[in-house]
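Notes to accompany the following structure.
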Amino acid sequence: MSRSSQEHERIEEMLAAQALGGLSSRELAELDELRLEHGLDCAECLELESAYGEVAGRLAFALEPAAVPKGAADRVLRRAGAGRRDEGDVVRLPSRDSGWRWSRALVGAAAAVVLLVGGALGGYLVGKPDSGAADSQALTRLIAEPGTRVVEFRGTTRGTLHVAFNPADEAAYVFGSELPPLPAGRVYELWAFRGRNPAPSGTFETDGGVVIVPVSADVSRASMMAVTIERAPGVKKPTKPPILTAEIAKA
Amino acid sequence: MAQNLETLERAPAEFGPLAGGAAGGSVGTADVTDARDRELMARIARADDDAFRRLFGRYAPTAMALAQRVLRQPHLAEETVQEAFLSVWKNPTAYDAQRGSVRAWLMSTVHHRAVDLVRREEAQRRRADEAVRDVDVAPEDPAEVIVDQVGLPEERAAVRRALEDLPAEQRQVIELMYFGGRSQTQIAAELGLPLGTVKSRTLLGMRRLRAALVGLER
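Residue numbers (numbering that gives the first Met the number 0), protein chains in the order written: chain W, 0 to 250; chain S, 0 to 217.
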């Protein structure tokens, strides 16, 4: 059996158990390492994960339905503060399919910022019900502010990621595109390093490969930002080496 | 859009009963069901309250049954289902149609949360086992009438048939893992089996279920 076949056999065995919720924390971390080494975008592994996720999800339907308290749906909506979204929250941003990469549009130049804000590149991003559109608008405002810096993350995964921050008001956003989707139960986690000490600074998942999230740390005081892949909903200390880093050089 | 949904809702009679047993398992009605569910998710992404209520009404009873089975605590189960559907409302774009059906994704969302709770609260679960053994547990509040169950009895029959068709030893480990919230290691210890045996039974069982339910041969 080739090394690739052995890897797939092992990964498939773990994916089947993961879909059923049968892996311990240690085994989940082991599966993460295995898939990182193997390649997160392996089509066969993604297909296996999807297939076993589908099987496991449908096992629930073997059960007789249970009674649901009256008004439960409305309670969920009240908790969410539900309401129809204002279509004016749509923010024009570069389309992923336009061939225009975010990094070219956004790194450095004021002209790039004007293009972004003006929507000259076409395409749009509709935010998620609770934060997406608001975050998109906040990022646009941040980038347009005098003194805002944009630093690119570099690392071992495909896609682009930047951090925008303004020392004057401590606002900061991480934004990017084409990041690989993560296995179920995993999130990307941000870290702000002061010296050697990493502070957890937020987590995110990809949304069709596009992400815009606020950073819960004063980036201007950090020496470096990093991204690791952790178990949802996030951890207090990194459990594995970063896949992306950004040097926050002093001005 | 409304006309499309009405067409989809009439479709099950036209497609006939759900095919089951043979490889290729759930076709016809299930496909129509999933198309309708994807339409509801698209509407939820546009903050459509009514679409959310329809999806909730359709799948919350199964989600509740699953959470109760894993957690064995009705109030914790209710909270878990609420949290799961809250995440659906707040982040509907987390659902990726390329990766599977809406109903499987919903149940996986509930299951992950329930298992996470189980792992954190093993001690509470042992106490709950003693308290609820041989007792039927029911919620205190009046229950909603279960509506919009079109296609679900057929789905239940297909899944039960697929599980029954498994060799007993494979079914046992899969049920302990999925419905019991146990890890492979815990199952190996409980059954007095080597961990490798549990792993291989899990994989072989899931491959059979995949062939029966997802219609793919390996």
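Ideal Cβ placement from N, Cα and C applies to all residues, glycine included.
Please read all numbers here as calculations on a predicted model, not as lab measurements.
- Shown here for S:Ser100: same chain residues with a beta carbon closer than 6 Å to its own, the five before and five after excluded, namely Asp33 in chain order.
- Against W:Val54, the close residues of chain S are Met205, Leu208, Arg209, Leu212 and Val213, in the order they occur along the chain (beta-carbon pairs closer than 7 Å).
- Non-local beta-carbon contacts of W:Val75 in its own chain, meaning distances under 6 Å to residues more than five positions away in sequence, are absent.
- Counting only runs of 4 or more residues that sit fully inside the segment 17 to 62 of chain W, the alpha helix (DSSP H) segments are 24 to 37 and 42 to 58, in chain order.
- For a cut-off of 8 Å, the C-beta gap from S:Ala83 to S:Val117 is around 15 Å, too long to register as a contact.
- Take the alpha-carbon of W:Thr155 and the one of W:His37: they are about 13 Å apart.
- The residues Pro193, Leu194, Thr196 and Val197, in chain order, have a CB closer than 8 Å to that of S:Ala187 in the same chain once the five nearest residues on each side in sequence are set aside.
- In this chain, the beta strand (DSSP E) harbouring W:Ala225 covers Met223 to Arg230.
- Going by beta carbons, S:Ala96 and S:Arg37 fall inside the 9 Å limit.
- The beta carbons of W:Ala231 and W:Arg185 sit closer together than 9 Å.
- Contact check for S:Met63 and S:Val80: beta-carbon distance about 5 Å, within the 8 Å limit, so the pair qualifies.
- Within its own chain, the residues whose Cβ lies closer than 7 Å to the Cβ of W:Ile247, once the five positions on either side in sequence are excluded, are Val150, Val218, Ala221, Ser222, Met223 and Met224, listed in chain order.
- Proximity to W:Leu39 across W:Ser176, W:Ala198 and W:Arg157 peaks at W:Arg157, based on C-alpha coordinates.
- Here DSSP, grouped into helix, strand and coil, assigns S:Arg102 to helix.
- For W:Tyr51, the neighbours in chain S by C-beta distance under 8 Å run, in chain order, Met205 and Arg209.
- Separation of S:Glu77 and W:Gly146 (C-alpha to C-alpha, rounded to the nearest whole angstrom) is 49 Å.
- In this structure, the alpha-carbon of S:Asp47 lies about 14 Å from that of W:Arg77.
- For S:Ala103, the C-beta contacts it makes with chain W under 7 Å involve Gly52, Glu53, Gly56 and Arg57, in order along the chain.
- Spatial neighbours of S:Gly204 in its own chain (CB-CB distance under 8 Å, excluding positions within 5 residues in sequence) are listed in chain order as Leu165, Pro166, Gln169, Arg170, Val172 and Ile173.
- By alpha-carbon distance to W:Phe192, the top candidate from W:Val214, W:Pro182 and W:Ala183 is W:Val214.
- Boundaries of the alpha helix (DSSP H) harbouring S:Phe84: Pro73 to Lys89, taken from the DSSP string.
- DSSP, read as helix, strand or coil, puts S:Thr61 in helix.
- Take the alpha-carbon of W:Gln5 and the one of W:Leu22: they are about 19 Å apart.
- Around the beta carbon of W:Ser176, 16 or more other beta carbons sit within 10 angstroms, so the residue counts as buried.
- Check the Cα spacing between S:Tyr58 and each of S:Val213, S:Arg102, S:Asn90 and S:Arg155: the tightest is with S:Arg102.
- At a C-beta separation below 7 Å, S:Thr61 has these neighbours in chain W: Ala59, Phe60, Leu62 and Pro64.
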